[in-house]
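**Student:**
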Amino acid sequence: INPSFLTSVAGGTPVQVITYDLVNILMWGKNTIALENCLFVPDIVINLISAGELDLKGYVLRSEKSSFIVTQDGRTALKGKINNGLYY
């Protein structure tokens, strides 16, 4: 069982947070990214990944013209679009 705790979001609404030591994300059926020390908030419907943590793990994040790409050792790990300042 993963430990969990409550925290508050904007407006003081309490939300449950579940901790995970390791999460493997399968990207486009072939690439897998391993993320450590993850927090899962069931009430939030979007996934948030820290660009700073990716950098610490040796990934490179580049963005331009409303799109972004994350690479490691010259290989694409993930890519997407930027909309209203959020990376999708």
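Here the sequence shown is numbered in this note's numbering, starting from 5 and rising by one per residue.
We treat Cβ as the ideally placed atom computed from N, Cα and C, and that holds for glycine.
For residue 36, which beta-bridge partners are listed by DSSP?
**Tutor:** 30
**Student:** Applying the criterion that 16 or more other CB atoms from any shown protein chain within 10 Å of the CB defines a buried residue, is residue 74 buried or exposed?
**Tutor:** buried
**Student:** Comparing alpha-carbon positions, which option in 34, 37 and 47 lies nearest residue 13?
**Tutor:** Checking every option, the nearest Cα to that of residue 13 belongs to 47.
**Student:** On the CB-based measure, 16 or more other CB atoms within 10 Å of its CB, does residue 3 come out buried or exposed?
**Tutor:** Examination of residue 3 is not possible in this model, given that the chain is present from 5 through 92 alone.
**Student:** Across which residues does DSSP place residue 56 in a beta bridge pair?
**Tutor:** Residue 56 pairs with nothing; no bridge assigned.
**Student:** For residue 15, does the three-state DSSP call read helix, strand or coil?
**Tutor:** helix
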